[in-house]
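**Student:** To start, I am sharing the structure in question, which I have written as structure tokens.
Protein chains in written order, with our numbering: chain A, 453 to 709; chain B, 939 to 1226; chain C, 210 to 560.
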């Protein structure tokens, strides 16, 4: 069964189609990538899947459940996590506190548990702490756990954003340009982190500009242009698709140089 | 019918006052992204300064309003420079708290100088006109005419003059405005000055009808906020339409239902609008 | 647990202890006792404000209104309707909870300046209702002879000292609840919303619901503060519900420190003292206090407790950061497992 099924998805902003009639299946255990020139609608697609935007047409199905009209907090509860293009962290707290925030959605204890310090509250505090530390460790940044988010390098911030998303225990993670702003020599390391996600049982849907990284990582690639599907297939198929070469790869090569 | 026409004119006059107050507030929000909670106290100070020049100094009515408007213009600039500028990178709550501090300060100053008692300002404009059988006081006609003239001048200023155009450009796109070399600090000061100037004209016009007191700005403050939320924060046409709609609703409910209802109608409208559309009725769709 | 080693907890306890000794020193000075007890009532309402403004980052300007509802519920029910204080008190709590929850239904849809203006309108509607609805609230003649709390034959709350300790105990509970919330995932939820609503949404926080509950909780604490205020003072007028009251609370929280556990208490006590100091100037006090408020948000937005806490945090964090680093170096290639995680937790706690 497909983990995520997107069918005929569309979004209009003031008469303009930001995304139009997009179909995409994300298979469990795979890394699926979405590429396309700037303004092709990649981020909009993410926002539609995650519930930040309401689609004007089409459906999104996750694990057989229709989540087209879900709001972000319930899609997270359903098992879809995301990171943002520009790193979003809570700057004035430590990395550990940041990742702990990702545990909120899995916490069941309420104010009264906190006030009366119930066993459930104590148990949950411990589990949250352990899970958060494990997520930081998985992303290779546990040594920075007590640093303030605003004080650590960009790459550590990016990894922490992934750890925060992992702390919500997702089945699918949406990564919006995860390697953006990371120095070239560190993208390989970062690619390895992404590649290790499916082994953890977390499937990946990502948007990325760095073509070499995508071709290396992705099992399946969707190419968007002006909000519509241009091509879909394996990296090899995409690389040899004449439409894609004309519309995107040519200009992307210029961008990278 | 006569009563209705009478109240309609009263509503227009009140709408003119609200309009002059609301436009400045909505401009300040558009340019500085600050809901200036001290706006009502600027209105109050504007009324007292007009009163001072008219009664104590003894200059003619129109000149008193003019001088007061200039004084408040400078005060608005100072308020931006000393209070809002240092806070431009702070969380939004801080601006509002600082504005509240300024509001209390202005009220206390007014009370220290002019006392807490109500004061009456005599108007040199007397007499009344008869329109369709209704008797409309000349002061109200003056308010309506002045409001229209000031609005026309303001529109001209914003569309034609360099300063006005920079304000509009900054309101529409701050980063873009900065890129084309508009000095945002200058625009911010100018906008706050302008808002204080406009609200002073409103105060000077309405002072002869109402009584003066250090807290006279409190309820106007909230009503004007209701108006600009109704019209969409930062929208000039919205502020104008909102002012007249609310003013007429207020005069009509006061006349035909009760004055207490007239007093709360603005807030009931505000709450209702926010319940239906949390970002105001005419606000532009914001993309996330 | 390790609470007693935390300088913040120690600081808070010292402040509370000093406060608890007030009647020992000033027990015979009725005026001072009353001023301090009124300060405690305000502090309870300010703790309510702390939940919505300090933790959640939303400026609520309705707090004075909720304070007024609490005060008038107790004031009117114990006089005109001859209820006992405690049943009137229960009504005040339920009343503010319901009104807070209902206005929260709309409030949760708004944010930032819309939220502030919306709550200001709510506060003003409450004030107008109280000051104009003469047949029920007596408008400007106010309510006299509000009952003292009944002591069930054991305690007599008509003495200033007993009243002080009653309000003090309520305040203690409030401080503890704030402390518990701050340390739990509930507090984390609210702080997340304060930093970024979009990011909170993205990590699965139900922003609207959390805001609504925070708003209702802050309203209830406002009502509790107002209820005790009514019985402490004995006479209330519409001023108890005025927007000025809200601004007073705002100043308390600003001086003490938004989003801190001890801030509202420290702020309330200091500003209450300042108000008394400027007593002779009455209305003119804001000539001095207005600029102080502005200077505080510009130069010291974190408040007294915020700064002390920040200082402590910085020192502690430095130690922990170093510990985490050296630990990482010593076992750079060790495989990770859960025992490792709990071991490092332990190491951290013993620091």
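C-beta: ideal position from N, C-alpha, C; glycine also.
#1: In chain order, what residues of the region 629–648 of chain A put their CB closer than 8 Å to some CB of chain C?
#2: Which term fits residue 628 of chain A, buried or exposed, when burial requires 16 or more other beta carbons within 10 angstroms of its beta carbon?
#3: Going by alpha carbons, who is nearest to residue 975 of chain B out of B/1033, B/1204 and B/1012?
#4: My parser needs the beta strand (DSSP E) runs of 3 or more residues fully inside the region 474–524 of chain A; what are they?
#5: What residue range is occupied by the uninterrupted alpha helix (DSSP H) comprising residue 1009 of chain B?
#6: Kindly list, in the order they appear in chain A, the residues whose Cβ is closer than 7 Å to that of residue 410 of chain C.
#7: Give the secondary structure of residue 446 of chain C by DSSP, where H, G and I count as helix, E and B as strand, and everything else as coil.
#8: Residues of chain C with a CB under 7 Å from the CB of residue 1160 of chain B: which are they?
#9: If the cut-off is 7 Å on Cβ atoms, which residues from the region 1195–1210 of chain B count as contacting chain C, listed in chain order?
#10: Give me the DSSP bridge partner(s) of residue 458 of chain A.
#11: Note the first and the last residue of the continuous beta strand (DSSP E) segment covering residue 685 of chain A.
#12: Under a three-way DSSP split, which group does residue 628 of chain A fall into?
#13: Once DSSP output is grouped into helix, strand and coil, what is the label at residue 561 of chain C?
#14: Listing by chain order, which chain C residues have their CB less than 8 Å from the CB of residue 556 of chain A?
#15: Rounded to a whole number of angstroms, what is the C-alpha to C-alpha distance between residue 302 of chain C and residue 572 of chain A?
#16: Output, in chain order, the set of chain C residues within a Cβ distance shorter than 8 Å of residue 597 of chain A.
#17: With DSSP as the reference, identify every bridge partner of residue 672 of chain A, one or two as the case may be.
#18: Does residue 463 of chain A have its Cβ less than 8 Å from a Cβ in chain C?
#19: What number of angstroms, rounded off, separates the C-alpha of residue 554 of chain C from the C-alpha of residue 291 of chain C?
#20: Name the chain B residues that come within less than 7 Å of residue 315 of chain C, Cβ to Cβ?
#21: How about residue 456 of chain A: is its C-beta nearer than 8 Å to some C-beta of chain C?
#22: Please confirm if residue 529 of chain C has its CB atom under 8 Å from at least one CB of chain A.
#23: What is the rounded straight-line gap between the Cα of residue 439 of chain C and the Cα of residue 445 of chain C?
#24: Looking at the strands, I want to know which residues DSSP matches up with residue 398 of chain A.
#25: Does any residue of chain C have a CB that is nearer than 8 Å to the CB of residue 657 of chain A?
#26: Which term fits residue 1045 of chain B, buried or exposed, when burial requires 16 or more other beta carbons within 10 angstroms of its beta carbon?
#27: Got a sec: which bits of the region 495–522 of chain C sit with their beta carbon under 9 Å from any beta carbon on chain B, in order along the chain?
#28: Of all Cβ atoms in chain C, is any one closer than 8 Å to the Cβ of residue 1039 of chain B?
#29: Taking the beta strand (DSSP E) that residue 1054 of chain B belongs to, which residues open and close that run?
#30: Note down, in chain order, every chain C residue with its Cβ under 7 Å from the Cβ of residue 1227 of chain B.
#31: Exposed or buried, residue 280 of chain C, counting other C-beta atoms within 10 Å across all chains shown (16 or more means buried)?
#32: Going by C-alpha to C-alpha distance, which of C/293, C/224, C/498 and C/476 sits closest to residue 361 of chain C?
#33: Taking Cβ positions only, does residue 726 of chain A come closer than 8 Å to chain C?
#34: Please identify the residue among B/1021, B/986, B/1019 and B/1039 whose C-alpha is closest to the C-alpha of residue 1005 of chain B.
#35: Which runs of the alpha helix (DSSP H), 4 residues or longer, sit entirely within the region 391–440 of chain C?
#36: Starting from residue 325 of chain C, find everything on chain B with Cβ-Cβ shorter than 9 Å and list it in chain order.
**Tutor:** This is what the structure holds:
#1: Along the region 629–648 of chain A, there is no position whose C-beta sits under 8 Å from a C-beta of chain C.
#2: By the neighbour-count criterion, in which a residue is buried when 16 or more other Cβ atoms sit within 10 angstroms of its Cβ, residue 628 of chain A is buried.
#3: Answer by Cα proximity: B/1033.
#4: Qualifying beta strand (DSSP E) stretches, in chain order: 483–487 and 509–514.
#5: 999–1017 is the span of the alpha helix (DSSP H), which, as asked, contains residue 1009 of chain B.
#6: Neighbours of residue 410 of chain C on chain A, chain order: 524 and 525.
#7: Three-state result, residue 446 of chain C: coil.
#8: The contacting residues are 329, 330 and 333.
#9: Correct list: 1198, 1201, 1202, 1205, 1208 and 1209.
#10: Looking at the DSSP output, residue 458 of chain A sits in a beta bridge with A/476 and A/512.
#11: Unbroken beta strand (DSSP E) run through residue 685 of chain A: 680–685.
#12: DSSP places residue 628 of chain A in strand when its eight states are reduced to three.
#13: Nothing can be reported for residue 561 of chain C: it is not among the residues displayed for chain C, which extend from 210 to 560.
#14: Within 8 Å Cβ-Cβ: 394, 397, 398, 401, 412, 413 and 414.
#15: Within the model, the alpha-carbon separation for residue 302 of chain C versus residue 572 of chain A is close to 28 Å.
#16: For residue 597 of chain A, the C-beta contacts it makes with chain C under 8 Å involve 533, in order along the chain.
#17: Residue pairing of residue 672 of chain A in beta bridges, as defined by DSSP: A/484.
#18: Look at residue 463 of chain A: its C-beta is not under 8 Å from any C-beta on chain C.
#19: Residue placement at residue 554 of chain C is flagged as unreliable, the pLDDT there being 39, under the threshold of 50; a coordinate-derived value is accordingly withheld.
#20: Those are 1209, 1212 and 1213, listed as they occur along chain B.
#21: No, no contact with chain C.
#22: Chain A, which has a Cβ nearer than 8 Å to the Cβ of residue 529 of chain C, makes this yes.
#23: Roughly 6 Å between the two C-alpha positions.
#24: The displayed coordinates of chain A run from 453 to 709. Any statement about residue 398 of chain A would go beyond what the structure contains.
#25: Chain C, which has no Cβ nearer than 8 Å to the Cβ of residue 657 of chain A, makes this no.
#26: Burial of residue 1045 of chain B is indicated by the presence of at least 16 other C-beta atoms within 10 angstroms of its C-beta.
#27: Per Cβ criterion, the list reads 495, 496, 497, 498, 499, 500, 501, 502, 503, 504, 505, 506, 507, 508 and 510.
#28: With 8 Å as the cut-off, residue 1039 of chain B counts as an interface residue toward chain C.
#29: Premise fails: residue 1054 of chain B is in no beta strand (DSSP E) and is neither H nor E.
#30: The structure shown does not extend to residue 1227 of chain B, since chain B spans only 939 to 1226, so no value can be given for it.
#31: Answer is buried; the Cβ neighbour count reaches 16.
#32: If we check each option's Cα against that of residue 361 of chain C, C/293 comes out closest.
#33: Because chain A is modelled from 453 through 709, residue 726 of chain A falls outside the range shown and cannot be assessed.
#34: Put simply, of B/1021, B/986, B/1019 and B/1039 the residue whose alpha carbon is nearest the alpha carbon of residue 1005 of chain B is B/986.
#35: For the region 391–440 of chain C, whole alpha helix (DSSP H) runs of length 4 or above, ordered along the chain, are 394–404 and 406–411.
#36: Neighbours of residue 325 of chain C across chain B, judged by C-beta separation under 9 Å: 973, 975, 1030, 1031 and 1034.
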